[in-house]
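Colleague: Residue numbering for the sequence shown follows our numbering, starting at 365 and increasing by one per position.
Every residue gets a Cβ at the ideal spot worked out from N, C-alpha and C, and that includes glycine.
Just passing along the structure, written as structure tokens.
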Amino acid sequence: MTNPARTPLTVRLRGDGPAGPWFRFAADTVTVPARTRADVPFALAVPRDAVPGGVAGEILTVGGGEEGRVPVRVRVGGPSLAALTVEDVEVSGRTIRYALVNRGNAPLRPRLSVRAEGAFGTLLDRQARPLPLELAPGRRVELTEPWPDAPALDSVTVRLRVTAEGGARDEAAASAAYVPPAPVTGAGLLALAFLAVLGARAYRRGRWRTGTSAAAATAPAPGPDKQPAEEERHLETAGAES
Numbered sequence: 365m366t367n368p369a370r371t372p373l374t375v376r377l378r379g380d381g382p383a384g385p386w387f388r389f390a391a392d393t394v395t396v397p398a399r400t401r402a403d404v405p406f407a408l409a410v411p412r413d414a415v416p417g418g419v420a421g422e423i424l425t426v427g428g429g430e431e432g433r434v435p436v437r438v439r440v441g442g443p444s445l446a447a448l449t450v451e452d453v454e455v456s457g458r459t460i461r462y463a464l465v466n467r468g469n470a471p472l473r474p475r476l477s478v479r480a481e482g483a484f485g486t487l488l489d490r491q492a493r494p495l496p497l498e499l500a501p502g503r504r505v506e507l508t509e510p511w512p513d514a515p516a517l518d519s520v521t522v523r524l525r526v527t528a529e530g531g532a533r534d535e536a537a538a539s540a541a542y543v544p545p546a547p548v549t550g551a552g553l554l555a556l557a558f559l560a561v562l563g564a565r566a567y568r569r570g571r572w573r574t575g576t577s578a579a580a581a582t583a584p585a586p587g588p589d590k591q592p593a594e595e596e597r598h599l600e601t602a603g604a605e606s
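Quick look at the structure:
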């Protein structure tokens, strides 16, 4: 530590982060003379049950109203295990929510692919792409995936698949029903009712026309045997007059 000031500086040191409890300093409080520097040795007491892999930590210094952090990455010996899970998938409107959890002992850089299926086929198909984050062992992060062109009316199933180096992979799915807002639904129902009324009227009108035509077609026509009788009556009447 360096003190560029003209007066002595008292600094407190401690470990922070997942590996913070492992830090052991030669002195937890150090006074650095003016315009000089001080070297503070430290050691790491790694627990016997520590999971093999990388563990992040920091050396935190506090003094003179200021705070400083020095990142330290600790590597615990042993076999490396890459394990990643995707959890709590939820589809809400134009947003897909999910959580990623590093279940292994090595830091991971996940890749994500998204696919959505509706009643009439595929609605969304995003190929695997790297996410802008590094997931430390044991870390859980909640993320969102935008879906600006989500359907207005459909029943969908959204499936997320995550992969990472070391063979880590997992997938999870969630379903959602998209229904238009109530005003739109009401207007749609009114339109359907209006069309139904028009159809019923057209059906009744068609039946009336068909019935009239059938009645006209089935009315009895004067038979040929009646015409001679009428002619005989006409001749008899003419003879009487003469």
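Can you tell me whether DSSP reads Gly-417 as helix, strand or coil?
Modeller: Strand at Gly-417.
Colleague: Starting from Leu-499 and walking both ways along the beta strand (DSSP E), at which residues does that stretch end?
Modeller: From DSSP, Leu-499 is part of no beta strand (DSSP E); its letter is neither H nor E.
Colleague: Please classify Ala-391 as buried or exposed, where buried requires at least 16 other C-beta atoms within 10 Å of its C-beta.
Modeller: Exposed: under 16 other Cβ atoms inside 10 Å.
Colleague: Report the residue from Glu-451, Ile-460, Gly-427 and Arg-467 whose alpha carbon sits nearest the alpha carbon of Leu-445.
Modeller: Nearest option by C-alpha distance: Arg-467.
Colleague: If you reduce the DSSP assignment to three classes, tell me which class Gly-530 lands in.
Modeller: Gly-530 falls in the helix class under three-state DSSP.
Colleague: How do the stretch 451 to 467 and the stretch 420 to 434 stand: do at least 3 beta-carbon pairs fall below 8 Å, yes or no?
Modeller: Too few Cβ pairs lie closer than 8 Å, so no.
Colleague: Does DSSP classify Pro-494 as helix, strand or coil?
Modeller: Of the three classes helix, strand and coil, the one that applies to Pro-494 here is strand, per DSSP.
Colleague: Can you find at least 3 beta carbon pairs, one from the stretch 496 to 503 and one from the stretch 529 to 539, that sit closer than 8 Å?
Modeller: No: fewer than three Cβ pairs fall under 8 Å.
Colleague: Apart from the five residues just before and just after Gly-417, which ones in its own chain have a Cβ nearer than 8 Å to its Cβ?
Modeller: Result list for Gly-417: Arg-439, Val-440, Gly-442, Ser-444, Leu-445, Gly-468, Asn-469, Ala-470, Pro-471 and Pro-501, in chain order.
Colleague: For Thr-313, which option in Gly-379, Pro-474, Ala-537 and Ala-414 has the closest C-alpha, if you only look at C-alpha atoms?
Modeller: The displayed coordinates of the chain run from 365 to 606. Any statement about residue 313 would go beyond what the structure contains.
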